[in-house]
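Enquirer:
Number of protein chains: 2
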Amino acid sequence: MSLPPPLVPPPRILMGPGPSEIQPRVLAALSCPTVGHLDPYYLELMNHMQQLLRRTFRTENQLTFAVSGTGSAGMECAVVNLVEPGDSVLVCVCGVFGQRMADVAARAGGKVTQIEKPWGQVFTPDDLAPALRRASPKVVGLILAETSTGAWQPLEEIARLVRDAGALLVVDAVTALGGIPVEVDAWGLDVVYAGSQKCLSCPPGLAPITFSPRAVDHVQQRRTPVQSWYLDVRLLSQYWGSDRVYHHTAPINMTYALYEALRLIDEEGLEACFARHALHHRALRAGLEALGLTYLSDPRHTLPMLNAVAVPPGVDEAAVRRELLSRFGIEIGGGLGAYKGRAWRIGLMGHGARSNNVLLLLAALDQLLAHEGHSFERGAAVAAANRVYELSN
Amino acid sequence: MSLPPPLVPPPRILMGPGPSEIQPRVLAALSCPTVGHLDPYYLELMNHMQQLLRRTFRTENQLTFAVSGTGSAGMECAVVNLVEPGDSVLVCVCGVFGQRMADVAARAGGKVTQIEKPWGQVFTPDDLAPALRRASPKVVGLILAETSTGAWQPLEEIARLVRDAGALLVVDAVTALGGIPVEVDAWGLDVVYAGSQKCLSCPPGLAPITFSPRAVDHVQQRRTPVQSWYLDVRLLSQYWGSDRVYHHTAPINMTYALYEALRLIDEEGLEACFARHALHHRALRAGLEALGLTYLSDPRHTLPMLNAVAVPPGVDEAAVRRELLSRFGIEIGGGLGAYKGRAWRIGLMGHGARSNNVLLLLAALDQLLAHEGHSFERGAAVAAANRVYELSN
Chain A
1 MSLPPPLVPP
11 PRILMGPGPS
21 EIQPRVLAAL
31 SCPTVGHLDP
41 YYLELMNHMQ
51 QLLRRTFRTE
61 NQLTFAVSGT
71 GSAGMECAVV
81 NLVEPGDSVL
91 VCVCGVFGQR
101 MADVAARAGG
111 KVTQIEKPWG
121 QVFTPDDLAP
131 ALRRASPKVV
141 GLILAETSTG
151 AWQPLEEIAR
161 LVRDAGALLV
171 VDAVTALGGI
181 PVEVDAWGLD
191 VVYAGSQKCL
201 SCPPGLAPIT
211 FSPRAVDHVQ
221 QRRTPVQSWY
231 LDVRLLSQYW
241 GSDRVYHHTA
251 PINMTYALYE
261 ALRLIDEEGL
271 EACFARHALH
281 HRALRAGLEA
291 LGLTYLSDPR
301 HTLPMLNAVA
311 VPPGVDEAAV
321 RRELLSRFGI
331 EIGGGLGAYK
341 GRAWRIGLMG
351 HGARSNNVLL
361 LLAALDQLLA
371 HEGHSFERGA
381 AVAAANRVYE
391 LSN
Chain B
1001 MSLPPPLVPP
1011 PRILMGPGPS
1021 EIQPRVLAAL
1031 SCPTVGHLDP
1041 YYLELMNHMQ
1051 QLLRRTFRTE
1061 NQLTFAVSGT
1071 GSAGMECAVV
1081 NLVEPGDSVL
1091 VCVCGVFGQR
1101 MADVAARAGG
1111 KVTQIEKPWG
1121 QVFTPDDLAP
1131 ALRRASPKVV
1141 GLILAETSTG
1151 AWQPLEEIAR
1161 LVRDAGALLV
1171 VDAVTALGGI
1181 PVEVDAWGLD
1191 VVYAGSQKCL
1201 SCPPGLAPIT
1211 FSPRAVDHVQ
1221 QRRTPVQSWY
1231 LDVRLLSQYW
1241 GSDRVYHHTA
1251 PINMTYALYE
1261 ALRLIDEEGL
1271 EACFARHALH
1281 HRALRAGLEA
1291 LGLTYLSDPR
1301 HTLPMLNAVA
1311 VPPGVDEAAV
1321 RRELLSRFGI
1331 EIGGGLGAYK
1341 GRAWRIGLMG
1351 HGARSNNVLL
1361 LLAALDQLLA
1371 HEGHSFERGA
1381 AVAAANRVYE
1391 LSN
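Sequences listed follow chains A and B, in order.
Going by the numbering used here, the residue at position 19 of the first sequence is 19; the numbering climbs one at a time, nothing skipped.
Just so we're on the same page, the numbering used here is the position in the second sequence counted from 1, plus 1000.
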């Protein structure tokens, strides 16, 4: 075998669906000296991190922590703790991640009812009401920010409806947390999970999660063991709670990074963080529209941090992404599932949501789309974005 | 709420049951710039890492990768892929981690038969033979390095016995890999998993794992879906295989660290690495015995990297660990389960297995045990360790 080459990752401008760009302070936190998972310093750090997570989730939920895995482990943790074999589960599907949750729930033994909407759309209370009556689910799953389509699912009214139907609501906030409001307590959400690598701007590897007291009661009253030992919150809560009972060896350095990322959000202020995501989204959107690109998500429900646009006819989807990466160092995402080969997904997440990134991407696309023979007014994209920035000053 | 304090982890000398001390190159690798999980650079890095993992596991197994979770997620990945509801599973239990595997297998729906030996002992082929006949298991689980007792389980003969009985052998090598031989191919092991934070000297968060072709066939022929979506190797192998189909967002920076840690082992040479662990174990052992401490594991089967010794009568177990940490910055572990309050667990893992650590710990224990009123010849521990080092030159 050849010698393994030295590690020299190229610097990238991460504007895909995640991971997002990492603030230098977070990278520095990652390489702080490792301590033990039962070290008094680490136990204290866990307390501080839980407080920051509660603030970010806008919740008082005691059981708020980070799952030792990526966002999909957060999804699995939410589902396998709530669902017992034979339980009726209703999952709302209008993209890859709703579909994934339905899959996870079925593997947990749930009797899964899926309701579907076309990709790019969101669910209304009227969509859910009949399904709630028909399925009378114990658990309902919904994606707040569908990363495959860029659609922003309104939750407040639906959460009320689900609660009135006596079900628990699981919300996927993987891409949402830190970029748009996730009002766990005000909206009465039961289990909400996120990913470290989207608007929190931390490398991938941890999944913040929170369980309402109602959800905790539900787990305590299960008749069957949680199928996953690794994700069983009855065990995990003894480590994250005051007992500090060893469960598994925590990912120490990733916890450092997530803590520092949450501190950065706390310093900026959560509302300021949302406003920043919204501003750069408006600028990017003005620019993309000036390039003749159209959004795939319902225009009334477009996420600021995930911009899914249709690839214009005649343009080589993969070639444009390849050139962005090789010539400009910019990563954007392609389409998943129904959008494969038809979409670009442009992320403005956390530290990546800033004007330098927006302007550079628009300038690069101006060059590449012209080369692809796509017709648009040259230079108009950057000008349109700059107008948005000038108006915001 | 108070302001979250800045992150300032204290430097520690990690001589507990893991995490182990991290070589500076590995910490530096952690904070390299994050790239996307489908970036051509990252996909290439995955190839190189898989090659290094195969070399460390001494295997040609195609399906060799790192689970995106800690060692316990590796255990769960091994078990839930092999075990279907109703399958007979035989687990050998003589410590915490065997017990854990039995728990994980039961949660996967396995019909679990446990055979038990007193803590600190290991299983012989004669212990297994009757149990194999009685239970006729599809899957047998065994811990190569039982981190709770420090016992080193011989595997070669047992692996033959299990294979002859037509069962698949799952081996926990969490603490073993990189410190003692793990001969996946030569011994014919079916699924073997490890942790990044023991003898590989990488922070916790990843679990190297390997599946034999026989194990892969078994998974392909399952009648039921794997209960975990996150850990389903049929899906994972499409991302780690040549297809590179997106599954979940890989923990990029942790992968950098594990890659660098594996490169360090490769540079040293696996055999030299084993010899180093053995040498420092002999020196530590000579010193601990000079302090009048006795090993809890069967003396013929003592792990080099995990030294579990009995706390002498009249000595305050927790106070000694607390003073080691606060006055010397040294972490050692307490006992788990049956050994709670009765044992110290001293790790010599990876970068932590070096003479400075051994000598300093013995010097500190000389001071603290004397203060506790324990009777021994002062200074003899360091002298005994030094004799071992001098003889090895």
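Positions of the beta carbon are idealized from the N, C-alpha and C atoms, including for glycine.
Values in this document were obtained by computation on a predicted structure and should not be read as measured data.
Return the chain-ordered list of same chain residues with a C-beta closer than 8 Å to the C-beta of I1332 (chain B), the five sequence neighbours on each side being excluded.
Expert: Translated into positions along the second sequence, residue 1332 (chain B) becomes position 332. For I1332 (chain B), where only same-chain residues beyond five positions count, the Cβ hits under 8 Å are M1015, G1016, R1321, L1324, W1344, R1345, I1346, G1347, L1361.
Enquirer: What span of residues does the alpha helix (DSSP H) with R1012 (chain B) cover, start to end?
Expert: As a working mapping, residue 1012 (chain B) is identified with position 12 in the second sequence. First-last for R1012 (chain B): undefined, no H or E at that position.
Enquirer: Taking the beta carbon of V184 (chain A) as the centre, do at least 16 other beta carbons fall within 10 Å, making it buried, or is it exposed?
Expert: Within the first sequence, residue 184 (chain A) is the residue found at index 184, counting from 1. The residue is buried, with at least 16 neighbouring Cβ atoms inside 10 Å.
Enquirer: Fully enclosed by the stretch 169-232 of chain A, which beta strand (DSSP E) runs are 3 residues long or longer?
Expert: Runs of the beta strand (DSSP E) inside the stretch 169-232 of chain A: 191-193, 207-211.
Enquirer: Do A167 (chain A) and V140 (chain A) come within 7 Å of each other at the CB atom, strictly closer than that value?
Expert: Within the first sequence, residue 140 (chain A) is the residue found at index 140, counting from 1. Within the first sequence, residue 167 (chain A) is the residue found at index 167, counting from 1. The answer is yes: Cβ separation under 7 Å.
Enquirer: Which ranges would you report for the alpha helix (DSSP H) in the stretch 1057-1136 of chain B if only whole runs of at least 4 residues count?
Expert: Runs of the alpha helix (DSSP H) inside the stretch 1057-1136 of chain B: 1071-1082, 1096-1107, 1125-1135.
Enquirer: Note down the Cα distance separating V192 (chain A) from A186 (chain A), rounded to an integer number of angstroms.
Expert: The residue labelled residue 192 (chain A) in the question sits at position 192 within the first sequence. The residue labelled residue 186 (chain A) in the question sits at position 186 within the first sequence. For V192 (chain A) and A186 (chain A), the distance between alpha carbons rounds to 13 Å.
Enquirer: Quick test of the definition: if touching needs 3 or more C-beta pairs under 8 Å, does the stretch 1214-1234 of chain B touch the stretch 263-275 of chain A?
Expert: Contact between the stretch 1214-1234 of chain B and the stretch 263-275 of chain A is absent, because fewer than three Cβ pairs lie under 8 Å.
Enquirer: Quick one: list the residues of chain A neighbouring E1317 (chain B), beta-carbon separation under 9 Å, in chain order.
Expert: One-based indexing of the second sequence puts residue 1317 (chain B) at position 317. Result: empty, since nearest Cβ-Cβ is about 14 Å, beyond 9 Å.
Enquirer: Quick check: is the beta carbon of N393 (chain A) nearer than 7 Å to any beta carbon in chain B?
Expert: As a position in the first sequence, residue 393 (chain A) is number 393, starting the count at 1. Taking Cβ atoms only, chain B never reaches closer than 7 Å to N393 (chain A), which makes this a no.
Enquirer: Please report the Cβ distance between G150 (chain A) and L306 (chain A), rounded to the nearest whole angstrom; I am assuming they are in contact, meaning their Cβ atoms lie under 8 Å.
Expert: As a working mapping, residue 150 (chain A) is identified with position 150 in the first sequence. As a working mapping, residue 306 (chain A) is identified with position 306 in the first sequence. Yes, G150 (chain A) and L306 (chain A) are in contact; Cβ-Cβ is about 5 Å, under 8 Å.
Enquirer: What residue does the beta strand (DSSP E) around R1345 (chain B) start on, and which one ends it?
Expert: Taking the second sequence and counting its residues from 1, the one referred to as residue 1345 (chain B) is at position 345. R1345 (chain B) -> beta strand (DSSP E) spans 1343-1347.
Enquirer: What are the residues in the stretch 1244-1266 of chain B lying within 9 Å of chain A by C-beta distance?
Expert: Cβ contacts with chain A: Y1246, H1247, H1248, T1249, A1250, P1251, I1252, N1253, M1254, Y1256, A1257, Y1259, E1260, L1262, R1263, D1266.
Enquirer: If you scan the stretch 1310-1389 of chain B from start to end, which runs of the beta strand (DSSP E) of 3 or more residues do you find wholly inside it?
Expert: Entirely contained in the stretch 1310-1389 of chain B, the beta strand (DSSP E) runs reaching 3 residues are, in chain order, 1343-1347.
Enquirer: Report all residues from its chain with a CB closer than 8 Å to the CB of A1334 (chain B); omit the five preceding and five following residues, and keep chain order.
Expert: The residue labelled residue 1334 (chain B) in the question sits at position 334 within the second sequence. The sequence given here places Gly at residue 1334 (chain B); Ala does not occur at that position. Counting only Cβ-Cβ distances below 8 Å, and skipping sequence neighbours, we find E1317, A1318, R1321, K1340, G1341, A1343, W1344, R1345.
Enquirer: Of the residues that make up the stretch 226-244 of chain A, which ones have a beta carbon closer than 9 Å to any beta carbon in chain E?
Expert: No chain E appears in this structure, whose protein chains are A and B.
Enquirer: Whole angstroms are fine: how far does the CA of P1312 (chain B) sit from the CA of P1010 (chain B)?
Expert: By 1-based counting over the second sequence, the position of residue 1010 (chain B) is 10. By 1-based counting over the second sequence, the position of residue 1312 (chain B) is 312. Straight-line Cα distance between these residues: approximately 30 Å.
Enquirer: To the nearest whole angstrom, what separates the beta carbons of G1195 (chain B) and V1182 (chain B), a pair I think is in contact under 8 Å?
Expert: As a working note, residue 1195 (chain B) is residue 195 in the second sequence. As a working note, residue 1182 (chain B) is residue 182 in the second sequence. That pair is no contact at about 12 Å.
Enquirer: Tell me, please, whether the CB atom of P85 (chain A) is closer than 7 Å to any CB atom in chain B?
Expert: If you number the first sequence from 1, residue 85 (chain A) lands on position 85. Taking Cβ atoms only, chain B never reaches closer than 7 Å to P85 (chain A), which makes this a no.
Enquirer: Of the residues that make up the stretch 1034-1056 of chain B, which ones have a beta carbon closer than 9 Å to any beta carbon in chain A?
Expert: Answer in chain order: T1034, V1035, G1036, H1037, L1038, D1039, P1040, Y1041, Y1042, E1044, L1045, H1048, M1049, Q1051, L1052, R1054, R1055.
Enquirer: In the DSSP output, which residue or residues are listed as bridge partners for I1143 (chain B)?
Expert: Reading the second sequence from its first residue, position 143 is the one you call residue 1143 (chain B). Note: I1143 (chain B) sits in a beta bridge opposite B:D1172.
Enquirer: Name, in chain order, the residues that DSSP records as bridge partners for N307 (chain A).
Expert: By one-based count along the first sequence, residue 307 (chain A) stands at place 307. A:I346, per the DSSP bridge assignment.
Enquirer: Say whether chain A places a C-beta atom closer than 7 Å to the C-beta of T1070 (chain B).
Expert: On the second sequence, residue 1070 (chain B) is found 70 positions in, with the first residue counted as 1. Yes, T1070 (chain B) lies at the interface with chain A (some Cβ there is under 7 Å from its Cβ).
Enquirer: Closer than 8 Å is the cut-off here; do at least three beta carbon pairs connect the stretch 1055-1063 of chain B with the stretch 1080-1087 of chain B?
Expert: With the cut-off at 8 Å, the stretch 1055-1063 of chain B and the stretch 1080-1087 of chain B do not touch.
Enquirer: How many Å lie between S228 (chain A) and V1388 (chain B) at the Cα?
Expert: Along the first sequence, one-based indexing puts residue 228 (chain A) at 228. Along the second sequence, one-based indexing puts residue 1388 (chain B) at 388. Straight-line Cα distance between these residues: approximately 46 Å.
Enquirer: Less than 7 Å separating the beta-carbons of A286 (chain A) and L296 (chain A)?
Expert: Here residue 286 (chain A) is taken as the residue at index 286 of the first sequence, counted from 1. Here residue 296 (chain A) is taken as the residue at index 296 of the first sequence, counted from 1. No. Outside cutoff.
Enquirer: Just to confirm my understanding: we take V1382 (chain B), look at its own chain, exclude 5 residues before and 5 after, and list those with CB closer than 8 Å. What are they?
Expert: Taking the second sequence and counting its residues from 1, the one referred to as residue 1382 (chain B) is at position 382. Cβ neighbours of V1382 (chain B) beyond the five flanking positions: G1287, L1359, L1362, A1363, D1366.
Enquirer: Quick one: Cα of E1021 (chain B) to Cα of I1013 (chain B), how far?
Expert: Along the second sequence, read from residue 1 onward, the residue named residue 1021 (chain B) stands at position 21. Along the second sequence, read from residue 1 onward, the residue named residue 1013 (chain B) stands at position 13. The alpha-carbon atoms of E1021 (chain B) and I1013 (chain B) are separated by roughly 7 Å.
Enquirer: Per DSSP, what are the beta-bridge partners of T302 (chain A) in this structure?
Expert: Position 302 of the first sequence, counted from the first residue, corresponds to residue 302 (chain A). A:A151.
Enquirer: For chain A, find out if any of its Cβ atoms is closer than 7 Å to the Cβ of H1208 (chain B); answer yes or no.
Expert: The count along the second sequence starts at 1 and reaches residue 1208 (chain B) at position 208. In the sequence under discussion, the amino acid at residue 1208 (chain B) is Pro, which differs from the His named in the question. No - not a single Cβ of chain A is within 7 Å of the one on P1208 (chain B).
Enquirer: How about S1201 (chain B) and H1048 (chain B): are their beta carbons less than 7 Å apart?
Expert: Counting from one through the second sequence, the residue named residue 1201 (chain B) turns up at place 201. Counting from one through the second sequence, the residue named residue 1048 (chain B) turns up at place 48. The answer is no: Cβ separation not under 7 Å.
Enquirer: Strictly below 7 Å CB to CB, what residues from chain B border C32 (chain A)?
Expert: For the purposes of this step, residue 32 (chain A) is identified with residue 32 of the first sequence, where counting begins at 1. Those within 7 Å of C32 (chain A) in chain B are L1007, P1009.
Enquirer: Assuming contact is defined by CB atoms lying nearer than 7 Å, are V1171 (chain B) and L1142 (chain B) in contact in what I supplied?
Expert: Within the second sequence, the letter at position 171 stands for residue 1171 (chain B). Within the second sequence, the letter at position 142 stands for residue 1142 (chain B). Taking 7 Å as the Cβ cut-off, V1171 (chain B) and L1142 (chain B) qualify as a contacting pair.
Enquirer: Would you call T224 (chain A) buried or exposed, if buried means 16 or more other Cβ atoms sit within 10 Å of its Cβ?
Expert: In the first sequence, residue 224 (chain A) corresponds to position 224, counting from 1. T224 (chain A) comes out exposed.
Enquirer: Y295 (chain A) bridges to which residues according to DSSP?
Expert: Within the first sequence, residue 295 (chain A) is the residue found at index 295, counting from 1. BP columns for Y295 (chain A) point to A:V309.
Enquirer: Suppose you measure from the CA of A257 (chain A) to the CA of G1292 (chain B); what does that come to, to the nearest Å?
Expert: Taking the first sequence and counting its residues from 1, one reaches residue 257 (chain A) at position 257. Taking the second sequence and counting its residues from 1, one reaches residue 1292 (chain B) at position 292. For A257 (chain A) and G1292 (chain B), the distance between alpha carbons rounds to 43 Å.
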